[in-house]
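Using our numbering, the first residue of the sequence shown is number 222, and each one after it goes up by one.
Heads up, the beta-carbon is just placed ideally off N, CA and C, and yes, glycines get one too.
Below: one structure, written as structure tokens.
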Amino acid sequence: MLRIVDGTRAWNLPIPAPGTFIPSMGRRGQGKLVAISDRNGNTITLKHDDAGRLVEIVDTLGREYSVEYDAHGYIAAVADFTGRVIRYVHDEAGNLVEVVYPPIVDTSTGNDFPQGTRVRYTYSGHALLTITDERGNTYLRNTYSDSEDPGDLEYGRLIEQAWGNPDDVIAIRYRRPVLGDPAVTTVVAIVNDRVGVVSEHFFDGHNRRIAERVYAGFADPDQATTATENRPRGKLRAEDPDYYETTWTYNADHRVIEHVTPRGDRTEYLLSRRCPSRTRRRGCVETCLRSGSMARLRPTPAITRWSSPATRSTRASATSTAGASS
């Protein structure tokens with residue numbers, strides 16, 4: 222269990238034993254994480270500059286890692302305790318355009334890069350177009366809709382993604398909700414991958430993914446799948462369902478409160494509604510209930526409960542139905 226101890230906010234992470242998040246209390250560093258400790262006493266410390274930016278990380282062995290920034294405030298370099306440096310280059314628009322990795326020398330195969338290796342990124346506006354490695358291989362290509370109509374559902378959206386070879390394409394199309402879709406659906410993304418596996422991803426008005434359907438059949442991988450064209454067929458087993466559905470439910474704070482898998486396994490997250498004026502406990506997980514196909518092995522749902530710290534000196538804790546606590 223990890224906790225923050227300044228009395229203003231609590232994070233509860235389900236690990237078997239307690240650790241600690243320690244925030245800084247200075248005016249400029251208010252709320253910045255300065256230390257993380259696990260149940261074995263391993264500690265990572267974090268240092269920030271006067272602007273509140275992370276500038277140094279010290280691991281549990283005392284090894285130091287430094288972070289540098291450019292004139293625009295973007296990360297420019299990260300150095301480890303041996304002096305190896307990864308450099309980041311941004312354009313005037315703030316896009317990451319190049320990452321330079323440390324030199325590689327004296328390899329047994331002679332595959333050396335004494336000047337380091339570079340990965341380059343290109344954009345259209347802020348939309349990522351390509352990623353190219355040191356040898357000039359472009360291993361990711363994104364294609365966006367050329368529609369100029371803001372009312373078009375595909376306007377500005379990604380419609381193709383090539384991984385590796387230029388013709389190794391994942392096609393993405395979009396549609397409006399229809400009868401049979403989850404009730405709050407506003408847009409559906411239809412993805413046909415490189416081997417013809419089709420999945421549909423349902424989003425609500427807050428752009429939250431509320432459902433995913435992965436079809437049992439296959440479509441032609443060389444053609445885009447739409448609501449009516451190149452639909453999946455030819456299931457491996459006749460008794461298989463047409464698709465396997467996973468769903469997510471959210472609360473008003475956009476936090477997941479329920480997750481249901483295709484097998485019917487259900488995880489419910491009961492979140493704290495308490496919101497005292499000087500605390501921020503609202504949204505902390507207090508109870509997690511798991512049920513579904515595992516009910517054959519467990520007669521009652523598996524329940525884990527977390528208690529939030531009430532004061533600066535109170536440790537957060539977790540208790541499960543199996544009797545374990547932390």
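Taking just the CA atoms, how far does V408 sit from T449? If I take the Cα positions, the gap works out to 16 Å.
With 16 as the cutoff for other CB atoms within 10 Å, does A432 come out buried or exposed? buried
Report the CB separation of T338 from Y322 in whole angstroms; it is logged as a contact under 8 Å. 5 Å
For a quick check, are the C-beta atoms of D354 and V340 less than 7 Å apart? Yes, they are a contact pair.
Within its chain, find whatever has a CB closer than 8 Å to the CB of E277; leave out the 5 residues flanking it on each side and keep chain order. L267, K268, E285, Y286, S287 and V288
Have a look at R378 and R476 and give me their C-alpha separation to the nearest angstrom. 25 Å
Quick check on DSSP: helix, strand or coil for S366? Coil at S366, not helix or strand.
Considering just the uninterrupted stretch of the beta strand (DSSP E) at H269, what are its terminal residues? T264 to H269
Please determine, among I325, G385 and T446, the residue with the shortest C-alpha to C-alpha distance to S420. T446
Could you check the C-alpha separation between S366 and Q382 for me, to the nearest Å? 12 Å
Spatial neighbours of A392 within its chain, please: CB distance less than 8 Å, with the 5 preceding and 5 following residues excluded, ordered by chain position. Here A392 has I380, E381, V412, N413, Q444, A445 and T446 as same chain residues with Cβ atoms under 8 Å from its own Cβ, once five neighbours each way along the sequence are excluded.
Residues near A298 in its chain [Cβ-Cβ closer than 6 Å; skip 5 each side]: E289, V306 and R308
Return helix, strand or coil for T468, following the three-state DSSP convention. strand
In its own chain, which residues sit with a C-beta less than 6 Å from the C-beta of D389, not counting the 5 before and 5 after it? A383 and R415
Where G346 and D373 are concerned, what is the direct C-alpha to C-alpha distance, given to the nearest angstrom? 19 Å
At what residue ranges does the stretch 403 to 434 contain a whole run of the beta strand (DSSP E), taking only runs of 3 or more? 408 to 413 and 418 to 424
With DSSP as the reference, label V481 as helix, strand or coil. strand
What residues are listed by DSSP as bridge partners for E319? V310 and R341
Compute the Euclidean distance between the alpha carbons of A459 and G283, then round it to the nearest angstrom. 60 Å
Classification of G455 by the beta-carbon crowding that lies within 10 angstroms, buried from 16 upward: exposed
Which value, in whole angstroms, describes the spacing of the CA atoms of S258 and V279? Their Cα atoms are separated by approximately 12 Å.
Within the same chain, show all residues whose beta-carbon is closer than 7 Å to that of D425, passing over the 5 residues directly before and after it, in chain order. Same-chain partners within the cutoff: V405, T406, T407 and I431.
Distance, I478 Cα to L254 Cα: L254 and I478: Cα-Cα distance of roughly 27 Å.
Excluding the 5 residues preceding and the 5 following S368 in the sequence, name in chain order all residues of the same chain whose CB lies nearer than 6 Å to its CB. The beta carbon of S368 sits closer than 6 Å to those of E375 and Y376, all from its chain and outside the five residues before and after it, given in chain order.
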